[in-house]
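Quick note, the sequence shown lines up with residues -8 to 177 if you use the numbering used here.
Positions of the beta carbon are idealized from the N, C-alpha and C atoms, including for glycine.
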Amino acid sequence: MGGLGRGEPHELHLCTTCLIGGPPLVDADAARAAACREIETGPQQDDPQFQAWRGAAPGEPRMVHDPRGQPAYWLVPVQNQGSNVGAVRVLASGQAAASIAYRAGSDLLALSPNQILEQAGSALAEHRGERAGAVLLVHDGPPGREAWRVEVLRDDRVLRWIFVTPGGIYDRATGNAWHEQGIRGQ
């Protein structure tokens, strides 16, 4: 508890992305249940940006990892009439942390593996022996900055990462979480 200079105690929440020593990550069913509660009682009740959530249901929860590949939290798509209209971010504890309304073209979870690899391929230097490696859904930096991380390999060593989002791609050296070496729009 902290006063924050207002004379009243407030809970302070630290955003952590590493589960080592923290609460165990809830399973996919618990994440879906948290998303269902958020869909039923969430922002669509009075926020026009969430109109598409009316009558929606949770889809298949997707595990989001930190850039090192460790599980961090769940992203549960909100589906209406066969389309993803948003998502609910569910923390390791099972608490819904954010409701997201997708706009046209912003659905990260709609990217197919082929689309991800095709976009990443534009940043590979194949003439130098680079090739795409493993693909993983991650948050690159703070939670909410979700992207598909594609390993760039040469001689079976990871050289760098390419991050693919609906808005474009960027790449950087491994382990350098907030310094982007290049940004390429679509």
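Coarse secondary structure for residue i, derived from DSSP in three states
i, result
"T165", "coil"
"E142", "strand"
"R59", "coil"
"Q42", "helix"
"A24", "helix"
"A48", "strand"
"E171", "Bear in mind that a pLDDT of 39 at E171, under 50, signals an unreliable position, so the number given afterwards is only what the model happens to contain. It is coil, neither helix nor strand."
"T7", "At T7, the pLDDT of 39 sits below 50, so the modelled position is not reliable; the number obtained from the coordinates is stated separately. In the structure shown, T7 sits in coil (DSSP, three-state: anything other than H, G, I, E or B)."
Assumed close pair residue i, residue j - CB separation to whole angstroms, cut-off 8 Å
i, j, result
"L128", "R45", "No, L128 and R45 are not in contact; Cβ-Cβ is about 27 Å, not under 8 Å."
"R136", "V143", "About 20 Å separates the two Cβ atoms, so there is no contact after all."
"P49", "V76", "Not quite, the Cβ-Cβ distance comes to about 11 Å (not below 8 Å), so this is no contact."
"A123", "V141", "5 Å"
"E29", "A87", "4 Å"
"L99", "P62", "The Cβ separation is near 17 Å, so there is no contact."
"R119", "R145", "7 Å"
"P104", "V126", "6 Å"
Residue j beta carbon less than 7 Å from that of residue i
i, j, result
"A92", "F41", "yes"
"V79", "A138", "no"
"L115", "E109", "no"
"G33", "S84", "no"
"S74", "P157", "no"
"P58", "D147", "no"
"A22", "W65", "yes"
"A47", "N71", "yes"
"V55", "I107", "no"
is_contact[residue i, chain C] using C-beta, thresh 7 Å
i, result
"E142", "Within the model displayed, chain C is absent; a lone protein chain is all it includes."
DSSP beta-bridge partners of residue i
i, result
"P68", "A78"
"V149", "L144"
"E178", "Coverage of the chain is limited to positions -8 through 177, which leaves residue 178 absent and any answer about it impossible."
Residue i Cβ short of 6 Å to the ligand MG heavy atom set
i, result
"A95", "As far as ligands go, the structure on display features none, and thus does not contain the ligand MG."
At what residue ranges does the segment 79 to 134 contain a whole run of the alpha helix (DSSP H), taking only runs of 4 or more?
104 to 112
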